[in-house]
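S.K.:
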Amino acid sequence: MVVGAGSWGTALALVLARNGHRTLLWDCLDAHLERLLAEGCNNYHLPGHEFPATLTVVRRFTPLPAGVRHVLLVTPCAGLTDVLAQLQALPKRDFSICLACKGIEPNTLELNHLLVQQYLPEAPLAVLSGPSFAQEVAAGLPTAVTIAAREAAVAADFAALFHCETFRTYTHDDIVGVQVGGAVKNVMAIAAGIADGLRFGANARAALIARGLAEIMRLGQALGGRRDTFMGLAGLGDLALTCTDDQSRNRRFGLALARGSSPEQALAEIGQAVEGLHTTRVVCALAHKHGVDMPISAQVLQVIDGQASPQQAVHELLTREPKAETG
57 MVVGAGSWGT ALALVLARNG HRTLLWDCLD AHLERLLAEG CNNYHLPGHE
107 FPATLTVVRR FTPLPAGVRH VLLVTPCAGL TDVLAQLQAL PKRDFSICLA
157 CKGIEPNTLE LNHLLVQQYL PEAPLAVLSG PSFAQEVAAG LPTAVTIAAR
207 EAAVAADFAA LFHCETFRTY THDDIVGVQV GGAVKNVMAI AAGIADGLRF
257 GANARAALIA RGLAEIMRLG QALGGRRDTF MGLAGLGDLA LTCTDDQSRN
307 RRFGLALARG SSPEQALAEI GQAVEGLHTT RVVCALAHKH GVDMPISAQV
357 LQVIDGQASP QQAVHELLTR EPKAETG
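Printed below as a string of C-alpha cells:
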C-alpha cells in the first residue's frame with residue numbers, strides 16, 4: 057500500500073507494480089483519486105505513465121485491504137500525523153512501514169521515524185531516501201537510493217521489494233542520518249535556487265553545496281546521525297542532485313524568490329508541495345535547540361519570512377568573518 061499519490065508516491069508505486077507486486081495507491085484528495093481512477097495514470101504529476109495491471113487505486117486505505125503487509129508513507133510531512141492516527145486506530149496492525157517523505161514534521165520538530173514510533177511502536181520501520189526525481193523514476197531511468205532501518209532484516213525486506221535493473225537499492229542502518237540528509241538538502245536547494253536566480257555563477261553554487269553539506273553534517277551529528285552517512289546517496293548524492301537540476305521543486309522555489317516572488321506566489325507557480333519551505337523553519341529551530349551553526353539555513357529563513365531580500369541574504373553570507381574550513 058502506497059499512501060500519498062503525488063509525483064513521488066506515484067513513481068514509487070510504479071516501481072513496485074512493475075516489479076510484479078500487487079500495489080495499492082491512495083491519496084487524501086478525493087478529486088485527485090477520482091482522476092486517477094478514471095484515467096488510469098497520474099496525468100497531473102506524471103503524465104504519460106500508465107498504471108500497470110498490478111497497480112490499483114483505492115478510495116480508502118483504512119481498514120487495510122487483506123494481504124497488505126507493507127505500507128509506504130509518501131505524504132507531505134505536515135500531514136503525517138493524521139495518517140499515523142488512522143493507522144493507529146486499526147484493530148490489526150501486522151504491517152511494516154517505510155517512510156519516503158523527505159522532511160521533518162513541522163509541529164513537533166521530531167524526525168519522522170520518531171512520530172511513527174509514537175503511534176505504532178510495534179511496526180517494523182524503514183526510511184527510503186536518496187537522489188531521485190520522480191519523473192526519471194517513472195520513466196525507468198537508472199536510479200539508486202538508500203533504505204535505512206535499525207534492523208538489517210527490515211531494510212533488506214523493503215530493498216528487495218524495490219530493487220530492479222533501473223532502481224537500485226542500498227541498505228543502511230543510520231536511520232537518523234538518512235532522514236536528516238533527505239530533509240535538510242531541500243533547504244540548501246532553495247539557497248542554490250536563490251544564488252542561481254541572482255546569476256552568481258557556478259563557483260558560488262559549488263561553494264554553497266560544499267558548505268551546505270557541512271551544515272547538514274553538523275545538524276545530523278547533533279541529532280545522532282553518523283558523519284560518513286552524509287557522504288553517501290542520502291547526503292551528498294541527494295544534495296548535489298536537488299541543488300543543480302530544475303526538476304527540484306525546492307530549487308525552483310528559490311529561483312522564484314530570486315525573481316522577487318513571494319513564498320505564496322512561488323508555491324502557486326510550482327503547484328505542488330515544497331517541503332523545504334516548512335523544513336527551513338524546523339531546521340533553524342533544531343539548530344538553535346542544539347547549538348548548531350547553520351548560516352545558510354538561517355539566511356534562507358530570513359528570505360522566506362521577508363526579513364531580508366535574496367540579495368541581502370547572500371551579502372550577509374559573503375561578508376561573514378573568515379574562519380578555518382573545519383566542518
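Just so we're aligned: 327 in the numbering used here is position 271 of the sequence shown, and the numbers increase by one with no gaps anywhere.
Just so it is clear, CB atoms sit at the ideal spot from N, CA and C, and this is done for glycine as well.
Between Cys299 and Ala245, is the Cβ-Cβ spacing less than 8 Å?
M.R.: The answer is yes: Cβ separation under 8 Å.
S.K.: Which same chain residues end up closer than 7 Å to Arg282 when comparing Cβ atoms and leaving out the 5 residues on each side of it in sequence?
M.R.: Cβ neighbours of Arg282 beyond the five flanking positions: Asp230 and Gly233.
S.K.: Hey, Val338 and Leu129: beta-carbon distance below 8 Å or not?
M.R.: No, they are not a contact pair.
S.K.: CB-CB under 8 Å to Cys340, same chain, minus the five flanking residues each way: which ones, in chain order?
M.R.: Hits under 8 Å: Met350, Ser353, Ala354 and Leu357.
S.K.: For the beta strand (DSSP E) that contains Val26, what are its first and last residues?
M.R.: Examination of residue 26 is not possible in this model, given that the chain is present from 57 through 383 alone.
S.K.: Rank Leu143, His105 and Glu95 by C-alpha distance to the C-alpha of Arg116 and give the top, closest one.
M.R.: Selected option, being the one with the closest Cα: Leu143.
S.K.: Quick check on DSSP: helix, strand or coil for Cys157?
M.R.: It is coil, neither helix nor strand.
S.K.: Would DSSP call Leu129 helix, strand or coil?
M.R.: Reduced to three states, the DSSP call for Leu129 is strand.
S.K.: By the 10 Å Cβ neighbour count, where 16 or more other Cβ atoms means buried, how is Arg374 classified, buried or exposed?
M.R.: In the sequence as presented, Arg is not what sits at residue 374; that position holds Leu. Exposed is the call here.
S.K.: Specify the secondary structure class of Glu320 as computed by DSSP and reduced to three states.
M.R.: Correct three-state label for Glu320: helix.
S.K.: Can you check which of these residues, Val127, Gly62, Ala343 and Ala314, is closest to Asp83 by C-alpha distance?
M.R.: For Asp83, the nearest C-alpha among the options comes from Gly62.
S.K.: When DSSP labels each residue in this structure, what does Glu325 get in the three-state scheme?
M.R.: Three-state result, Glu325: helix.
S.K.: Going by beta carbon distance, what residues of the same chain come within less than 6 Å of Asn242, once the five residues before and after it are set aside?
M.R.: If we look at Asn242 and ignore the five residues flanking it on each side, its Cβ neighbours are Asn306, Glu331, Gly332 and Thr335.
S.K.: Report yes if the C-beta distance between Glu178 and Asn168 is below 8 Å; otherwise report no.
M.R.: Going by C-beta atoms, Glu178 is not nearer than 8 Å to Asn168.
S.K.: From the DSSP output, in three-state form, read off Val243 for me.
M.R.: In the structure shown, Val243 sits in a helix (DSSP, three-state: H, G or I).
S.K.: Roughly how many angstroms separate the alpha carbons of Leu102 and Glu95, rounded to a whole number?
M.R.: Straight-line Cα distance between these residues: approximately 12 Å.
S.K.: Quick check on the burial criterion: 16 or more other C-beta atoms within 10 angstroms. Buried or exposed for Ser304?
M.R.: Per the 10 Å Cβ criterion, buried.
S.K.: Could you tell me the alpha carbon to alpha carbon distance between Arg74 and Pro108, rounded to whole angstroms?
M.R.: One C-alpha to the other measures close to 7 Å.
S.K.: In its own chain, which residues sit with a C-beta less than 8 Å from the C-beta of Asp150, not counting the 5 before and 5 after it?
M.R.: Once the five neighbours on either side are set aside, the close Cβ partners of Asp150 are Arg125.
S.K.: Please confirm whether any heavy atom of the ligand NAD lies closer than 7 Å to the CB of Ala239.
M.R.: Looking at this structure, you won't find the ligand NAD or any other ligand, since it has none at all.
S.K.: Let me confirm a value: Asn98 is counted as buried when at least 16 other C-beta atoms fall within 10 Å, else exposed. Which label applies?
M.R.: By the neighbour-count rule (16 or more Cβ atoms within 10 Å), Asn98 is buried.
S.K.: Do Leu68 and Val58 have their CB atoms nearer than 8 Å?
M.R.: Yes. Within cutoff.
S.K.: Within 10 angstroms of the Cβ of Asp294, are there 16 or more other Cβ atoms? Answer buried if so, exposed if not.
M.R.: Under this definition Asp294 is a buried residue.
S.K.: CB Ala251 to CB Val172, shorter than 8 Å?
M.R.: No, the Cβ-Cβ distance between Ala251 and Val172 is not below 8 Å.
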